[in-house]
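Read in order, the letters of the sequence shown are residues 141 to 212 in this note's numbering.
Okay, structure first, notes after.
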Amino acid sequence: MSTNGLTSWAVDLKDVAAVYPFQGMEFILYLAGLAFWLWWHWAQLRNEGVEIRHEMDADASGKEAKEAIKRY
């Protein structure tokens with residue numbers, strides 16, 4: 141089944157129109173992917189930092205952790 145009118149791949153593809161969708165948008169999609177990747181890592185580091193600070197503030201002296209270790 142051909143959706144682009146080609147019946148054989150034994151042709152010079154520069155003479156064929158679009159072979160796949162969104163042709164010419166590779167760089168824009170690359171930039172969008174890079175921006176998402178950077179945002180994702182920044183958000184994860186920020187959220188993990190908040191979680192670590194919350195846990196550290198909950199047991200700043202370490203007293204509860206030491207008592208739990210002694211119990212077991």
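A virtual CB, placed ideally from N, CA and C, is assigned to each residue, including glycine.
Setting aside the 5 residues that flank it on each side, A205 is surrounded in the same chain by D199, each with a C-beta closer than 8 Å to its C-beta; the list follows chain order. A direct Cα-Cα distance of roughly 24 Å separates E191 from A175. Each residue's CA atom was taken as its position, placing Y160 and L153 some 11 Å apart. Straight through space, the alpha carbons of N187 and F167 are spaced by roughly 30 Å.
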